[in-house]
Amino acid sequence: GENVEQHPSTLSVQEGDSAVIKCTYSDSASNYFPWYKQELGKRPQLIIDIRSNVGEKKDQRIAVTLNKTAKHFSLHITETQPEDSAVYFCAASKNTDKLIFGTGTRLQVFP
Amino acid sequence: NAGVTQTPKFQVLKTGQSMTLQCAQDMNHNSMYWYRQDPGMGLRLIYYSASEGTTDKGEVPNGYNVSRLNKREFSLRLESAAPSQTSVYFCASSVWRDTGELFFGEGSRLTVL
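Chain order of the listed sequences is X and H. To convert, note that position 92 of the first sequence is 92 in our numbering; the numbers rise steadily by one, no gaps. Quick note: to get our numbering, add 111 to the position in the second sequence (first position is 1).
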């Protein structure tokens, strides 16, 4: 089955800096890669996703890149703000079926 | 629209007791899921139901059973709770194969003593 590894487990950045979170997946058949954000005590919420026919996708300050050959994908947050502080999860699946999540990255943005 | 509603939000059990976590969604989604969240382990899939009338095991199904009661409701049962089942449980739903977005409930914090 699919296995997703996520790094780093914690990340601290200064407000205004960029943050990058990386994930690798094991199943070459996976074709859907979402990212979820979970604020403290809240439920996870989708922030961006990418499908395997696309190499990069942007939405304002966040972007996701996908390298199918190397089986890894990354989340990029530019101009970080304190409200970006949260736990971020990557995930992978084939045809959106049965998402398998990474172990999460706790991002702290210091003012 | 309430979205995905889970009950109860908090529960304390003794080892060996049984309980059922209830989940209902009002978005007419086909697929429903149960995840558990433990520190440092991320979200792990327990069981899922791709559509009404079907259920399948996820990554960590041992010690759990599920019932897809109808299109709206998907329950998770612990027949004989163990301390290792202390966790936060999230129910989620999605539109099957149309979009991948999971909509999560608020979570249920379960402690087994």
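All C-beta atoms, glycine included, are put in the ideal place defined by N, C-alpha and C. Note that the structure is a prediction, hence the values are computed from the model and not measured.
Contact residues of the segment 178–202 of chain H toward chain X are Phe201 (C-beta to C-beta distance below 7 Å). Distance check between serine 142 of chain H and each of H/Gln122, H/Val206, H/Tyr158 places H/Val206 closest, using alpha-carbon atoms only. Of all alpha-carbon atoms in H/Leu124, H/Gly127, H/Gln128, H/Tyr146, the one lying nearest the alpha-carbon of cysteine 134 of chain H is that of H/Tyr146. Annotated three-state conformation of glutamine 196 of chain H is helix, per DSSP. Assignment of proline 172 of chain H by DSSP, reduced to helix, strand and coil, places it in the coil class. For histidine 7 of chain X, the enclosing beta strand (DSSP E) stretches over residues 4–7. Assignment of proline 34 of chain X by DSSP, reduced to helix, strand and coil, places it in the strand class. Only residues of its own chain outside the window of five on either side were considered, and among them Tyr158 have a CB closer than 7 Å to the CB of lysine 168 of chain H, listed in chain order. Out of H/Thr126, H/Met138, H/Lys182, H/Val199, the CA that lies nearest to the CA of glutamate 190 of chain H is found in H/Thr126. Relative to the Cα of glycine 151 of chain H, the nearest Cα in the group X/Leu99, X/Glu39, X/Val87 belongs to X/Val87. Inter-segment contact for the segment 20–37 of chain X and the segment 70–88 of chain X is present: three or more beta-carbon pairs are separated by less than 8 Å.
In the structure shown, glutamate 39 of chain X falls within a coil segment according to DSSP collapsed to helix, strand and coil. Taken atom to atom, the span from the alpha-carbon of leucine 75 of chain X to that of leucine 99 of chain X is near 17 Å. At least one CB atom of chain X sits nearer than 8 Å to the CB of leucine 154 of chain H.
Where arginine 155 of chain H is concerned, the enclosing beta strand (DSSP E) starts and stops at 153–160. Contacts between phenylalanine 215 of chain H and chain X, judged by CB atoms closer than 8 Å, involve Arg43, Pro44, Gln45 in chain order.
Taking the C-beta atoms as reference points, threonine 103 of chain X is found nearer than 8 Å to glutamine 6 of chain X. For aspartate 149 of chain H, the enclosing beta strand (DSSP E) begins and ends at 142–149.
Per DSSP, the continuous beta strand (DSSP E) segment holding leucine 189 of chain H begins and ends at 185–189. Contacts with chain X at 8 Å (Cβ-Cβ) do not include glycine 164 of chain H.
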